[in-house]
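Trainee: Numbering (my numbering), first residue to last: -10 to 425. Glycine residues also receive a C-beta, built at the ideal position from the N, C-alpha and C atoms. Sending over a structure as structure tokens; questions will come in a sec.
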């Protein structure tokens, strides 16, 4: 359809029904609450209603460009049956002045972990600019997980604010976005526009009140969901066919030990996952599609930690391990492709993709949370500060992992601080240059 001219000289479309003539010579459109006052030859805010000869015309009458089902939240009638669907017949033009709150890299806490808004949209089935996530829930301001009905993607041209909380990552949003702020004078929460925030304002952070984490894991189901991701890299589909025998899950063409199908989410599993997130990785052979290795790397002097990691691997997964010593480093390894795929799926395969497993991140047991943090900090933590005040810290190149650790410490009542350091891209270890 051709663009509507900014100055109308002759009637087009059909005379509108909702308008009235004003004493100032203009026409007032009453089709929506904006009540535009439009002069001769001019077009209203929506871009599709204009005045010619003292009459208001609907310039796109009969020119439908789309018809589909939308979330009702997209419409001006959002207050009518929230959460329902609405059938839309659309023309060009819009009376909304949407400024859209966040950038795509904004991270939100979901029942599937910490995910950016852009990633949620990309993973969803979407029609042009509307994404429909598959039964995804997000933590609301009230502390409960609520289903996401839709994710909207739009271009934005305007000012963006960068808010830098003392303990949290930077927030980028539009000036009109409202944020919950704690009012110290009366002890209540209030909504405040982003462009009205001042130094010293206390931002509210919700803590989950409902339990969504499972107490047991079915490794067969997790591996079955992971197969499509690894099968594309293999040469034969039969390599990745799952089988269960005597309570253990293996791949059809594998001679390895496999893993237990039923895994209890307890302190032992949580501590092992903490050690894996700190020191573990998964590697795969480029020539053999089902040859994967799990490794945990420690300093050779960390004998107690090495023994504890071996003990947990045997106790939780009932797998055999080997020690590989190389200079100042000792690695615990196991050539168990099933365990490798399982760990890759629930916690990431390398330092860049690491994350706190969802079943631990949302666990309601303080002992499980502490067990994970104990393993993680023992593997990758450090102490800093002075004699008067000491700080426990950890570093990671994975933003998702660091945010997950922050959130777990927050849930345990601590006041952790998250920050991003700009480090050089490489450093030296034993005379070798190593990339970060």
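Residue 462: which of 315, 316, 208, 332 sits nearest, CA to CA?
Mentor: Because the chain spans -10 through 425 in this model, residue 462 falls outside it and cannot be assessed.
Trainee: Touch check for the region 394 to 406 and the region 267 to 283: three-plus C-beta pairs under 8 Å?
Mentor: Result no; under three Cβ-Cβ pairs closer than 8 Å.
Trainee: In whole angstroms, give me the CA-to-CA distance for residue 85 and residue 38.
Mentor: About 15 Å.
Trainee: Would DSSP call residue 361 helix, strand or coil?
Mentor: Looking at residue 361 - three-state DSSP - the assignment turns out to be helix.
Trainee: Taking just the CA atoms, how far does residue 52 sit from residue 44?
Mentor: Cα to Cα, the separation comes out at about 20 Å.
Trainee: Find out if the Cβ-Cβ distance for the pair residue 358, residue 372 is shorter than 8 Å.
Mentor: Cβ distance not < 8 Å, so residue 358 and residue 372 don't count as in contact.
Trainee: Using 10 angstroms around the beta-carbon of residue 60, count the other beta-carbons present and answer buried if the total reaches 16, otherwise exposed.
Mentor: The residue in question, residue 60, is buried, as its Cβ has 16 or more Cβ neighbours within 10 Å.
Trainee: What are the boundary residues of the beta strand (DSSP E) that includes residue 287?
Mentor: From DSSP, the beta strand (DSSP E) with residue 287 extends over 281 to 288.
Trainee: Have a look at the DSSP bridge pairing and note the partners of residue 429.
Mentor: Because the chain is modelled from -10 through 425, residue 429 falls outside the range shown and cannot be assessed.
Trainee: Identify, in the order they occur along the chain, each residue of the same chain with its Cβ nearer than 8 Å to the Cβ of residue 407, setting aside the five sequence neighbours on each side.
Mentor: Closer than 8 Å at Cβ, skipping near neighbours: 156, 157, 158, 391, 392, 395.
Trainee: Quickly, what does DSSP pair residue 3 with across the bridge? List them, please.
Mentor: Beta-bridge pairing links residue 3 to 47.
Trainee: State the DSSP-derived secondary structure class of residue 18, mapped to helix, strand or coil.
Mentor: Note: residue 18 maps to strand in three-state DSSP.
Trainee: Pick helix, strand or coil for residue 371, following the three-state DSSP scheme.
Mentor: Three-state DSSP puts residue 371 in a strand.
Trainee: According to DSSP, simplified to helix, strand and coil, what is residue 308?
Mentor: Three-state result, residue 308: coil.
Trainee: First and last residue of the beta strand (DSSP E) that includes residue 205?
Mentor: 205 to 207 is the span of the beta strand (DSSP E), which, as asked, contains residue 205.
Trainee: Is residue 366 helix, strand or coil by DSSP?
Mentor: Three-state DSSP puts residue 366 in a helix.
Trainee: To the nearest angstrom, report how far apart residue 18 and residue 7 are at their CA atoms.
Mentor: Spanning the two alpha carbons is a distance of roughly 6 Å.
Trainee: Please classify residue 328 as buried or exposed, where buried requires at least 16 neighbouring CB atoms within 10 angstroms.
Mentor: Per the 10 Å Cβ criterion, buried.
Trainee: What are the boundary residues of the beta strand (DSSP E) that residue 396 is part of?
Mentor: That residue, residue 396, is in no beta strand (DSSP E); its alpha helix (DSSP H) goes 388 to 400.
Trainee: Just the C-alpha distance for residue 436 and residue 174, rounded to the nearest angstrom, thanks.
Mentor: Any question about residue 436 goes unanswered here, given that the chain covers just -10 to 425.
Trainee: For a minimum of 4 consecutive residues, which ranges assigned as the alpha helix (DSSP H) are wholly contained in the region 294 to 343?
Mentor: Fully enclosed alpha helix (DSSP H) runs of 4 or longer: 326 to 336.
Trainee: Taking three-plus beta-carbon pairs below 8 Å as touching, is the region 347 to 365 in contact with the region 257 to 274?
Mentor: Output reads yes: the region 257 to 274 touches the region 347 to 365.
Trainee: Express the C-alpha separation of residue 313 and residue 134 in angstroms, rounding to a whole number.
Mentor: When rounded, the distance between both Cα atoms is 44 Å.
Trainee: Residues in its own chain within less than 7 Å of residue 219 by CB, not counting five upstream and five downstream?
Mentor: Result list for residue 219: 229, 330, in chain order.
Trainee: Can you tell me which of the three DSSP states residue 93 falls into?
Mentor: Three-state DSSP puts residue 93 in coil, outside helix and strand.
Trainee: Can you tell me whether residue 255 is helix, strand or coil according to DSSP?
Mentor: Residue 255: coil per DSSP, three-state reduction.
Trainee: Would the region 347 to 356 and the region 202 to 211 be scored as touching if the rule is three or more Cβ pairs under 8 Å?
Mentor: The region 347 to 356, when compared against the region 202 to 211, does touch it at the 8 Å Cβ threshold.
Trainee: Is residue 213 helix, strand or coil by DSSP?
Mentor: Note: residue 213 maps to helix in three-state DSSP.
Trainee: When the Cα of residue 240 is compared with those of 412, 254, 179, 212, which residue comes out closest?
Mentor: Of the listed residues, the one whose Cα sits closest to residue 240 is 212.
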